[in-house]
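Number of protein chains: 2
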Amino acid sequence: MKTIEVCFSPTLYHLYSNPEKTVIIIDVLRATSSICAAFEAGAKKILPIASIEDAYKAKQDGYILAAERDGKILDFADFGNSPDSFTPERVKNKIIAYSTTNGTQAIKMVNNAKNILIGAFVNISVLTNYLTNYPESVIIVCSGWKNKFCLEDTLCAGAIADTLLKSKKYSTNCDSTFAAIDLWNIAKDNLYTYLEKASHRNRLKNIVNENVIKYCYTIDATNVLPHYKDGFIEKLI
Amino acid sequence: MKTIEVCFSPTLYHLYSNPEKTVIIIDVLRATSSICAAFEAGAKKILPIASIEDAYKAKQDGYILAAERDGKILDFADFGNSPDSFTPERVKNKIIAYSTTNGTQAIKMVNNAKNILIGAFVNISVLTNYLTNYPESVIIVCSGWKNKFCLEDTLCAGAIADTLLKSKKYSTNCDSTFAAIDLWNIAKDNLYTYLEKASHRNRLKNIVNENVIKYCYTIDATNVLPHYKDGFIEKLI
């Protein structure tokens with residue numbers, strides 16, 4: 035039977051890494067939510083970039099650049115890291131270079147896996163439907179905050195794992211998966227209120243509009259499943 | 035106000051490390067539970083050892099040696115890693131060399147902190163009473179299983195953090211602390227049943243007597259507070 039593991043930090047990924055497994059990268063606030071929003075708005079491709087230096091270089095090379103650090107837009111970027119920045123006017127049929135504090139680093143890090151999917155609350159049904167019919171075991175990687183555990187990514191991992199286990203096509207013997215599912219079950223009926231205490235949610239409080247946070251917590255706000263392949267994120271579904 | 039952080043794996047410790055803070059090492063199954071049992075049985079000192087090679091050397095040097103890997107006693111050790119192995123007959127007034135899969139490695143790793151305490155369910159009240167009156171912020175380090183997150187250490191961390199927060203002398207803005215407390219609150223009324231699913235509990239199922247597991251989950255089975263100082267673990271209280 036296919037197995038599920040949840041990895042709570044990119045720093046722990048080497049303990050789980052297995053090129054035969056499918057990796058799902060989660061960064062609810064906000065990279066993977068924004069990536070889904072970008073494809074929903076018609077983006078052609080996204081080039082994830084880890085370092086600020088490489089983001090600057092991409093801008094010089096003529097890319098449209100979305101980039102932030104510590105929640106704030108980089109001054110040489112075209113726009114930042116909020117789903118509502120990825121409007122059809124800005125991104126439709128375009129290739130966007132994208133660099134964030136946590137999520138894009140995590141995407142770049144797992145490039146040894148042969149199947150790398152982008153997960154968030156906003157695309158959870160299309161993701162779990164795909165995985166239910168997909169033959170491989172999964173590792174769900176939470177981007178966290180600067181490699182520390184974070185609540186919102188863990189809840190999203192728990193929601194995905196819970197759905198996959200209920201499909202009866204997956205099993206798990208992974209303590210972080212059990213923990214993520216139990217936390218999801220505490221939070222699911224009132225996600226917004228539960229996540230009031232999350233440290234990154236408070237970090238963004240004076241930087242990001244509340245509607246952005248609410249969007250990132252909206253189950254199935256989009257119908258896209260992006261994947262990372264050959265250096266670019268593209269729409270798989 | 036004093037702060038609390040919970041670190042879910044020794045691999046993440048560098049993200050939290052601060053020599054001014056007090057570190058509490060937890061390895062419920064079984065190192066820190068056994069260390070408390072050893073001092074309860076009258077042990078004089080414990081020499082924690084990380085590698086199998088150094089454990090062998092300690093035995094050659096004449097130490098009484100308690101040592102296991104992957105739940106099993108090392109063949110050159112006097113006894114293994116269960117609280118019930120540390121009997122008064124074996125350990126009273128003696129110095130014991132001790133090496134385990136996870137816990138003793140974690141203790142050795144944090145040696146930059148000036149105050150390092152040994153925590154477990156079996157000494158939780160003496161530990162939290164001490165901390166409530168102690169002036170420094172704390173980092174609770176879960177030993178985990180081979181650097182992966184584990185449920186039983188997380189619940190114990192949650193129990194400690196919950197008590198400290200309720201004392202009103204500590205605060206937290208740490209997502210792993212929130213998660214540990216929430217998981218503790220799910221599990222606390224039926225710890226033994228909740229932890230049936232824990233991966234390490236299942237790993238030990240055919241190796242360790244059920245009474246050992248039950249002892250390790252027993253709140254306040256001892257009244258000792260061990261600390262690690264100058265290379266040895268000694269009884270602070």
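For the record, the sequence lines run as chains A and B.
For any residue, its number in my numbering is found by taking its place in the first sequence, counting from 1, and adding 34.
For any residue, its number in my numbering is found by taking its place in the second sequence, counting from 1, and adding 34.
Idealized CB from N, CA, C, for every residue including glycine.
For N207 (chain A), the C-beta contacts it makes with chain B under 8 Å involve S233 and N236, in order along the chain.
Secondary structure note for R103 (chain B): its beta strand (DSSP E) is the uninterrupted segment I98 to R103. For C41 (chain B), the beta-bridge partners assigned by DSSP are B:V175. For the pair S201 (chain A) and D61 (chain A), the CB atoms are not nearer than the 8 Å cut-off.
Taking a C-beta distance under 8 Å as the contact criterion, A89 (chain A) and S116 (chain A) do not qualify as a contact pair. By the rule that beta-carbons nearer than 8 Å mark a contact, N181 (chain B) touches chain A.
In the DSSP assignment, the residues bridged to F113 (chain B) are B:A100. In this structure, the alpha-carbon of L165 (chain A) lies about 12 Å from that of I271 (chain A). Under the three-state reduction of DSSP output, N240 (chain B) falls in the coil class, being neither helix nor strand. A distance of 8 Å or more separates the beta carbons of A72 (chain A) and V144 (chain A). For the pair I152 (chain B) and T211 (chain A), the Cα-to-Cα distance works out to about 27 Å. Among the CB atoms of chain B, one or more fall inside 8 Å of the CB of I220 (chain A). Residues of chain A with a Cβ closer than 7 Å to the Cβ of D254 (chain B) do not exist; the shortest Cβ-Cβ separation is about 25 Å. Annotation: the continuous alpha helix (DSSP H) that includes Y226 (chain A) extends over L225 to Y228. In this structure the stretch 212–225 of chain B does not touch the stretch 236–252 of chain A; the number of beta carbon pairs closer than 8 Å is below three.
Judged by beta-carbon spacing, V242 (chain A) lies within the 8 Å limit of G105 (chain A), meaning their Cβ atoms are closer than that value. The beta carbon of T66 (chain A) does not come within 8 Å of any beta carbon belonging to chain B, so the residue lies off that interface. Against chain A, a Cβ distance below 9 Å from D223 (chain B) picks out nothing, because the smallest value is about 14 Å. Boundaries around I130 (chain A) are those of the beta strand (DSSP E), I129 to S133, since no alpha helix (DSSP H) includes it. Taking the CA atoms as reference points, T138 (chain B) sits about 34 Å from D196 (chain A). One finds F183, L185, T188, A213 and L217 in chain A with Cβ atoms closer than 8 Å to the Cβ of A213 (chain B), taken in chain order. Rounded to whole angstroms, the gap between the alpha carbons of R64 (chain B) and Q94 (chain A) is 56 Å. With fewer than 16 other beta carbons inside 10 angstroms of its own, F110 (chain B) counts as exposed.
Cβ-Cβ distances below 6 Å link A221 (chain A) to L189 and Y228 in the same chain, with the five nearest sequence neighbours on each side left out; the list follows chain order.
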